[in-house]
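Residue numbers (UniProt numbering): 1 to 210. Cβ coordinates follow ideal geometry from the N, Cα and C atoms, glycine included. This report refers to the structure that appears directly beneath it.
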Amino acid sequence: MEQKASVFRSLYHHFGILELNEQLRQAVRSFPGAQEGDHVLVYGYIDRSAGLTLEVLATGHLDGQRMSFFNLPDDCRLFFRFSAVSECGFLRLEQEEKALRERFAQALERLHDYDADQKLEALRDLRLLDPHRHPAFPDDVLVFLTGDGVQPEGCWLRLQERQEDFVLGSLLNEPNQNFICHKGDVLLFRLPARPQDALVCPVDLDGSFS
């Protein structure tokens, strides 16, 4: 798999299978095929407040390269947060995506509530930010607040939109030092020249941003 900060690209809006461990088997125990199955079919999306999420679409059995699925009851819904299953074996089903979209179209309809607008999708597509993303919350990036007389301080920023070479986001935690900005404030940072360069938010002590 990719590094954890960008692993969401393998999951986001894609189908895959998760190998059932004892914890996951307990979670799907009431679903058809839970006892015979050894994998679950999942589909990845992002919940802004809860992070990268995998919707369970079916339990199934992997026989060599062939996967057979048991349909879930229409009134059932189950999902796993990525943070809870990040250590489970995941296999993306690239070749089967078209057929799976048709078969599970009704189940995918209910996920449209989580669709992002064009501005946010553009930021999710921006690989330049991947090294700075939270592994379980791809819309959150680690930035460093800077200002005269204080040490650079790492904080998490939830992405909102891009404005040319700058990105706006809301501060997710209260800084420990006196930057005259607070949790919930909208800050901006300049896009780095290289992916490995830190994301820097210059904050003046008079409360202005440069």
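Contact set for residue i: own chain, Cβ-Cβ below 8 Å, skip 5 residues either direction
i    : result
G207 : At G207, the pLDDT of 38 sits below 50, so the modelled position is not reliable and the matter cannot be decided from this model.
Y12  : G44, Y45, I46, L52, R124 and P138
Anticipated Cβ contact below 8 Å, residue i with residue j, distance rounded
i    : j    : result
L187 : L157 : 6 Å
L62  : V40  : That pair is no contact at about 11 Å.
F80  : L54  : 5 Å
E153 : P175 : 6 Å
Distance, residue j Cα to residue i Cα
i    : j    : result
Q65  : Q95  : 12 Å
D165 : V85  : 35 Å
T146 : L172 : 16 Å
F15  : V42  : 6 Å
A131 : Q106 : Checking the displayed sequence, the identity of residue 131 turns out to be Pro instead of Ala. Cα to Cα, P131 sits roughly 35 Å from Q106.
V28  : A34  : 6 Å
R133 : A50  : 14 Å
S68  : L18  : 14 Å
Beta-carbon proximity list for residue i, same chain, < 7 Å, skipping 5 on both sides
i    : result
N71  : P32 and A58
D117 : none
G37  : L20, T59, G60, H61 and F70
L100 : F15 and L93
Contact set for residue i: own chain, Cβ-Cβ below 6 Å, skip 5 residues either direction
i    : result
A198 : F144
L78  : V56
F8   : L52 and P138
Q177 : V150 and E153
R194 : none
For residue i, three-class secondary structure by DSSP
i    : result
S10  : helix
A58  : strand
L159 : strand
V28  : coil
M1   : Per-residue confidence for M1 stands at a pLDDT of 31, beneath the threshold of 50, marking its modelled position as unreliable; the derived number appears in the next sentence. Three-state DSSP puts M1 in coil, outside helix and strand.
Proximity test, Cβ basis, 8 Å: residue i and chain C
i    : result
E174 : Absent from the structure: chain C. Only one protein chain is present.
Per DSSP, the bridge partner or partners of residue i
i    : result
G147 : For G147, which the question treats as bridged, DSSP gives no partner whatsoever.
G16  : V42 and R92
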